[in-house]
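Each residue of the sequence shown is one higher than the one before, starting from 49 at the first, in my numbering.
So the structure is just underneath, and the comments pick up after that.
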Amino acid sequence: MEEQLKQLQAEALEKVAAAANLKELNDVRVAYLGKKGPVTEVLKGMGKLSAEERPKMGALVNVVREDITKAIEEKQVTLEVAAIEEQLAKESIDVTLPGRPVKAGGHHPLTRITEEIEDLFIGMGYTIAEGPEVEQDYYNFEALNLPKGHPARDMQDTFYITSELLMRTHTSPVQVRTMLKHAGKGPVKIICPGKVYRRDSDDATHSHQFNQIEGLVVGENIRMSDLKGTLDAFAKKMFGADREIRLRPSFFPFTEPSVEVDVSCMCGGKGCSICKGTGWIEVLGAGMVHPNVLEMAGFDSTKYSGFAFGMGQERIAMLKYGIDDIRHFYTNDLRFLQQFSVHE
Ligand code: PHE
49 MEEQLKQLQA EALEKVAAAA NLKELNDVRV AYLGKKGPVT EVLKGMGKLS AEERPKMGAL
109 VNVVREDITK AIEEKQVTLE VAAIEEQLAK ESIDVTLPGR PVKAGGHHPL TRITEEIEDL
169 FIGMGYTIAE GPEVEQDYYN FEALNLPKGH PARDMQDTFY ITSELLMRTH TSPVQVRTML
229 KHAGKGPVKI ICPGKVYRRD SDDATHSHQF NQIEGLVVGE NIRMSDLKGT LDAFAKKMFG
289 ADREIRLRPS FFPFTEPSVE VDVSCMCGGK GCSICKGTGW IEVLGAGMVH PNVLEMAGFD
349 STKYSGFAFG MGQERIAMLK YGIDDIRHFY TNDLRFLQQF SVHE
């Protein structure tokens, strides 16, 4: 019996040493120390032994059992440490590897132009005003000296929602809304950027939706020369210090007198395809605020005067960057947009 026990112990210790992982080790434990294992079997046979032999054998069985248990426990610690180390090795991070580059987007050319113009006018003391794109006929037309049936309404083909509600055709209604807020008291000095809508067929130079920036200054003694000086500063900042402006008589129902403003072409007056040989490029409409518009917005036109101007960012961007088709701004071809994604 003693022999048998010694052999069992040797066998068990060998298997413990050979166990390659925690599961195998547990199998060894169950096989040798479990209820149906050989050590238990030996214990069961103790009844047949003589009285002197019994305690001797009992002690031996206990030693064997303890030895095996100890071996298993030790092996278990070793295997657990090995398992943790293996996992750490698998999950290790090389902190010296360069990071993956994150692709950053860029500003849309129209956003850049709008922000550039905003900065320029904020620098001259203007604040930014905004108004709704779904507008009332009253603000878009009537309060701008364009009563119902006025022939000049045809200049701006309109998307009507109801007979009184429309998609604004220009940013000029924000002039009216701003003046009303000032309740007859100057000065007013604002620019308003925003989207506008017209029933145009889209082509290289027309779009049913585009952007405008409106400017409005109302105060005492505001004169045409103030308008001219302001627009001259704008043109030089936007297109280059060597550029000139020229005012041509025009007509808008909400300004009197009204002008179209041209900027001298970058060809220096020699004539090129951009200015179609004239040396001048039309960039915006402007004029002195019509007394009727001032009065309708609650301003005393004998005390106050003002000027207003309106320009399209698409047109400015096309001239500044040499873009030949307005549709490029809206079709979102990345090859087009990426040319403007300079990070400032
Ligand atoms: N609202 C005019 C347009 O869209 C432009 C403009 C604004 C003209 C202000 C004069 C004064 O055509």
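Glycine included, C-beta positions come from ideal geometry on N, C-alpha and C.
Going by the CB atoms, is the gap between Val-76 and Ala-58 shorter than 9 Å? Taking the first residue of the sequence shown as position 1, residue 58 is located at position 10. Taking the first residue of the sequence shown as position 1, residue 76 is located at position 28. Not closer than 9 Å, so no.
I'd like to know whether the C-beta of Pro-195 is nearer than 9 Å to at least one C-beta of chain B. Looking for chain B here will not work: only one protein chain is present.
Run the CB neighbour count on His-338, radius 10 Å, all protein chains shown included, and call it buried at 16 or more, exposed below. As a position in the sequence shown, residue 338 is number 290, starting the count at 1. Of the residues assessed, His-338 falls on the buried side of the cut-off, its CB having 16 or more other CB atoms within 10 angstroms.
Take Gln-257 as the anchor and find which of His-155, Asp-280, Thr-219 has the nearest alpha-carbon. Against the sequence shown, residue 257 aligns to sequence position 209. By alpha-carbon distance to Gln-257, the top candidate from His-155, Asp-280, Thr-219 is Thr-219.
Taking just the CA atoms, how far does Glu-133 sit from Leu-53? Within the sequence shown, residue 53 is the residue found at index 5, counting from 1. Within the sequence shown, residue 133 is the residue found at index 85, counting from 1. Cα-Cα distance, rounded: 36 Å.
Tell me the DSSP secondary structure of Pro-305 in three-state form. Reading the sequence shown from its first residue, position 257 is the one you call residue 305. Here Pro-305 sits in strand by DSSP.
With H, G and I counted as helix, E and B as strand and the rest as coil, what does DSSP make of Phe-258? Your numbering for residue 258 matches position 210 in the sequence shown. In the structure shown, Phe-258 sits in a strand (DSSP, three-state: E or B).
Keeping to the same chain, check which residues put their C-beta closer than 7 Å to that of Thr-217; ignore five residues upstream and five downstream. Position 169 of the sequence shown holds residue 217. Around Thr-217: Asn-188, Gln-204, Thr-206, Val-244, Tyr-245, Arg-246.
I think Gly-319 touches Thr-326, with their Cβ atoms under 8 Å apart; what is that distance to the nearest whole Å? Along the sequence shown, one-based indexing puts residue 319 at 271. Along the sequence shown, one-based indexing puts residue 326 at 278. The Cβ separation is near 7 Å, so the contact holds.
On the premise that Phe-388 lies in contact with Gly-263, defined as a C-beta separation below 8 Å, what is that separation, rounded to the nearest angstrom? The residue given as residue 263 occupies position 215 in the sequence shown. The residue given as residue 388 occupies position 340 in the sequence shown. Here Gly-263 is actually not in contact with Phe-388; their C-beta atoms are around 25 Å apart, not less than 8 Å.
Three or more C-beta pairs below 8 Å linking the segment 169-188 and the segment 208-215: yes
Is any heavy atom in the ligand PHE found nearer than 8 Å to the beta carbon of Phe-377? Counted from its first residue, the sequence shown places residue 377 at position 329. Incorrect: Phe-377 has no Cβ contact closer than 8 Å to the ligand PHE.
Check the DSSP bridge columns for Arg-294 and list the partner residues they point to. For the purposes of this step, residue 294 is taken as residue 246 along the sequence shown, with counting starting at 1. Partner(s): Asp-310.
Considering Cα atoms alone, identify which of Pro-146, Asp-142, Lys-71, Leu-81 is closest to Asp-115. Position 67 of the sequence shown, counted from the first residue, corresponds to residue 115. Checking every option, the nearest Cα to that of Asp-115 belongs to Leu-81.
Is it buried or exposed, Glu-392, if we count other Cβ atoms within 10 angstroms and call 16 or more buried? As a first step, residue 392 must be located in the sequence shown, where it is residue number 344. For Glu-392, the predicted model reports a pLDDT of 48, less than 50, meaning its position is unreliable and no value from the coordinates is stated.
Simplified DSSP assignment, three categories, for Phe-449: The chain is shown only over 49 to 392; residue 449 falls outside these bounds and no answer can be derived.
So, at 6 Å on beta carbons, what are the nonlocal neighbours of Met-314 in its own chain, with the 5 sequence-adjacent residues on each side left out? The sequence position of residue 314 within the sequence shown is 266, counting from 1. Setting aside the 5 residues that flank it on each side, Met-314 has no residue in the same chain whose C-beta is closer than 6 Å to its C-beta.
Exposure label - Ile-374; buried when at least 16 CB within 10 Å: As a working mapping, residue 374 is identified with position 326 in the sequence shown. Classification for Ile-374: buried.
Environment of Asn-259 [buried if 16+ CB atoms lie within 10 Å]: In the sequence shown, residue 259 corresponds to position 211, counting from 1. Buried, by the Cβ-count rule.
Report the three-state DSSP secondary structure of Gly-106 (helix, strand or coil). Position 58 of the sequence shown, counting from 1, holds the residue named residue 106. Correct three-state label for Gly-106: helix.
Flag Gln-255 as yes when its Cβ comes closer than 8 Å to any non-hydrogen atom of the ligand PHE, and as no otherwise. Numbered from its first residue, the sequence shown carries residue 255 at position 207. The sequence shown places Ser at residue 255, not Gln. No, since every heavy atom of the ligand PHE falls outside the 8 Å radius drawn around the Cβ of Ser-255.
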